[in-house]
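There are 2 protein chains.
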Amino acid sequence: MSSQERSAPRRRNPRGQGQVLKAQLVDAAAKLLSTLDQPETLTLRQVAREVGVAPASIYSHFPDLSALIQHVLRLRYEELARLMDQAAQSAPDPLVDLVARCAAYVRWGVGQPGHYRTLFGGRMPDDLVPGSAHGAGAELLEAVVTSLAAAAEGERKQPSAEQQWQAGLMLWTALHGLVSLYNDHGNIPWPPLDDLIADLLSLHTARPADEIAALLPQCGDAPGLAPDSI
Amino acid sequence: MSSQERSAPRRRNPRGQGQVLKAQLVDAAAKLLSTLDQPETLTLRQVAREVGVAPASIYSHFPDLSALIQHVLRLRYEELARLMDQAAQSAPDPLVDLVARCAAYVRWGVGQPGHYRTLFGGRMPDDLVPGSAHGAGAELLEAVVTSLAAAAEGERKQPSAEQQWQAGLMLWTALHGLVSLYNDHGNIPWPPLDDLIADLLSLHTARPADEIAALLPQCGDAPGLAPDSI
DNA sequence: TGACATAACCAACAGTTGTTCAGTTAGAGG
DNA sequence: CCTCTAACTGAACAACTGTTGGTTATGTCA
Chain A
1 MSSQERSAPR
11 RRNPRGQGQV
21 LKAQLVDAAA
31 KLLSTLDQPE
41 TLTLRQVARE
51 VGVAPASIYS
61 HFPDLSALIQ
71 HVLRLRYEEL
81 ARLMDQAAQS
91 APDPLVDLVA
101 RCAAYVRWGV
111 GQPGHYRTLF
121 GGRMPDDLVP
131 GSAHGAGAEL
141 LEAVVTSLAA
151 AAEGERKQPS
161 AEQQWQAGLM
171 LWTALHGLVS
181 LYNDHGNIPW
191 PPLDDLIADL
201 LSLHTARPAD
211 EIAALLPQCG
221 DAPGLAPDSI
Chain B
231 MSSQERSAPR
241 RRNPRGQGQV
251 LKAQLVDAAA
261 KLLSTLDQPE
271 TLTLRQVARE
281 VGVAPASIYS
291 HFPDLSALIQ
301 HVLRLRYEEL
311 ARLMDQAAQS
321 APDPLVDLVA
331 RCAAYVRWGV
341 GQPGHYRTLF
351 GGRMPDDLVP
361 GSAHGAGAEL
371 LEAVVTSLAA
381 AAEGERKQPS
391 AEQQWQAGLM
401 LWTALHGLVS
411 LYNDHGNIPW
421 PPLDDLIADL
431 LSLHTARPAD
441 EIAALLPQCG
451 DAPGLAPDSI
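Chains as they are written, first to last, in my numbering: chain A, 1 to 230; chain B, 231 to 460.
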């Protein structure tokens, strides 16, 4: 079924509008990356088939397949970062900020398993992952670290910078492990996701779980993709 | 360099010893799986080249490539399970049992990044991962759950079965996230692994970190692979 | 020594992939 | 109308994949 030939031979774009094919290619690649079980088996010809275009036409817009994939990944990465910032921007205090940020992370990852796996699940060829040069999601990690540190302000014992770093790191690993396993092993009986998020943050902030749960934004709050963008 | 032709045409095995090639194939596949960045790109011909044998010769020992990979994964999985059991078998109390078990898990995963990613990275086709049918490491998970529950015995509040399950699940996700990110993002400044393990278990058992750290078995304790098995 | 089953090979198949390059089409500007 | 060029195509390339059928070498046993 995936090898179906295109029925409509796809009208060529008008003169100045060569960019619309580029956008279509990006969308198709994103869709395929989110669909495929193994992201790195994405194929140039799959993208071409999806759009209904000759494989060679891609080379007018991207130097090669790596560039196309890298472009898609950069977009997804920026989308996640933007979502997390948006979720936290109106937080009245650091704890709410932290909760909103982490909830956005987990929900994005669970909502887009293919994209999450592509970005954070294992190593893509080094030059493909955006931010890999500066640490593969370093901005996200640092945001979590500072947010957690701010939320832990006012504890009776001031942690050192190393302790703050380690605490943030462990929070991120916990979030990542939750998303990864939740996505990849749907057959084991998972509790409701919000319970897990609340429990996880409760552990890492030393606050009671119900206090965290009360701070969790509603599911509909997170601004997602525009439905027509894919 | 990986495409080097074999120089010695490989002496054929004597009469009853057809099984030694099978073992060599398994070893070669294991080595390649642990080496490759993307496990699912393992190729029948790569294995054949590694051993120095014609691609067709593999079909005398395995019905197809999937069977070979599945066999290797099953061996690795059983190895991990055995290591965890061995590590915990002489534990005087449940907390030591839990610590030893988790430490063995993390150390095995960190010591064998390729194998860990292959087993738990969630990118292999479903039928390849052993235990996927009954929950992808369900035995390991259940061992952790019961171990954690036993270690939490004597707390002032007895948790329900659901709470025990959720707590074990979260511990496993944390362990998995730690191993995954530690393996895949070596460029970010990680604290010593034992500190992370102790801190993680401290969080999940509500015990002070130094108490946990004192229970951590020495690194040399874990019986690893025989050096010549690969 | 001869027969025979085992162990492994050789060559080929049909399919896939990324990439290149010489073309073709079509629409906008003169 | 003509021309030019952006937009795209078709065909081919070399390399790679899993898999197969037929073939050869080799050790063992009678």
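No residue lacks a Cβ here, since even glycine has one placed at the ideal position from N, Cα and C. For clarity, every value in this text was computed on a predicted model and none was experimentally measured.
- When C-beta atoms of the region 303–320 of chain B are compared with those of the region 333–347 of chain B, three or more pairs fall below 8 Å, so the two segments count as touching.
- When the five nearest sequence neighbours on each side are left out, the beta carbons in the same chain lying within less than 6 Å of the beta carbon of LEU83(A) are those of ALA104 and TRP108, in order along the chain.
- Residues of chain A whose Cβ lies closer than 8 Å to the Cβ of GLN276(B) do not exist; the shortest such Cβ separation is about 16 Å.
- Less than 8 Å divides the Cβ of ARG101(A) from the Cβ of VAL144(A).
- A direct Cα-Cα distance of roughly 20 Å separates ILE197(A) from PRO92(A).
- CA-to-CA, the gap between ASN183(A) and SER34(A) works out to about 12 Å.
- Identification of residues in the region 201–222 of chain A having a C-beta nearer than 8 Å to some C-beta of chain B yields LEU203 and HIS204, given in sequence order.
- With respect to the C-alpha of GLY384(B), the residue from PHE292(B), ASN417(B), ARG304(B) and PRO324(B) having the closest C-alpha is PRO324(B).
- Per DSSP, ASN183(A) is one residue of the alpha helix (DSSP H) stretching across 161–184.
- Setting aside the 5 residues that flank it on each side, ALA404(B) is surrounded in the same chain by LEU430, each with a C-beta closer than 6 Å to its C-beta; the list follows chain order.
- The distance from the Cβ of ALA381(B) to that of LEU433(B) is about 13 Å, inconsistent with a contact at the 8 Å cut-off.
- For TRP108(A), the uninterrupted alpha helix (DSSP H) segment begins and ends at 94–111.
- Among the CB atoms of chain B, none fall inside 8 Å of the CB of ASP194(A).
- Residue-level contact by beta carbon fails for MET314(B) and chain A, as no gap is shorter than 8 Å.
- With respect to chain B, the C-beta atom of LEU181(A) has a partner C-beta closer than 8 Å.
- Residue range 65–88 is occupied by the alpha helix (DSSP H) that includes TYR77(A).
- At a cut-off of 8 Å between C-beta atoms, GLU270(B) counts as an interface residue with respect to chain A.
- The shortest C-alpha to C-alpha distance from GLU50(A) to any of VAL26(A), ALA167(A) and GLY186(A) is the one to VAL26(A).
- Rounded to the nearest angstrom, the gap between the Cα atoms of ASP424(B) and LEU446(B) is 8 Å.
- Any Cβ of chain A closer than 8 Å to the Cβ of ILE418(B) would place that residue at the interface, and such an atom is present.
- Counting only residues of its own chain and dropping the five nearest sequence neighbours on each side, ALA379(B) has a CB closer than 6 Å to the CB of GLN394.
- Under the Cβ criterion of 8 Å, ASP199(A) is counted among the residues facing chain B.
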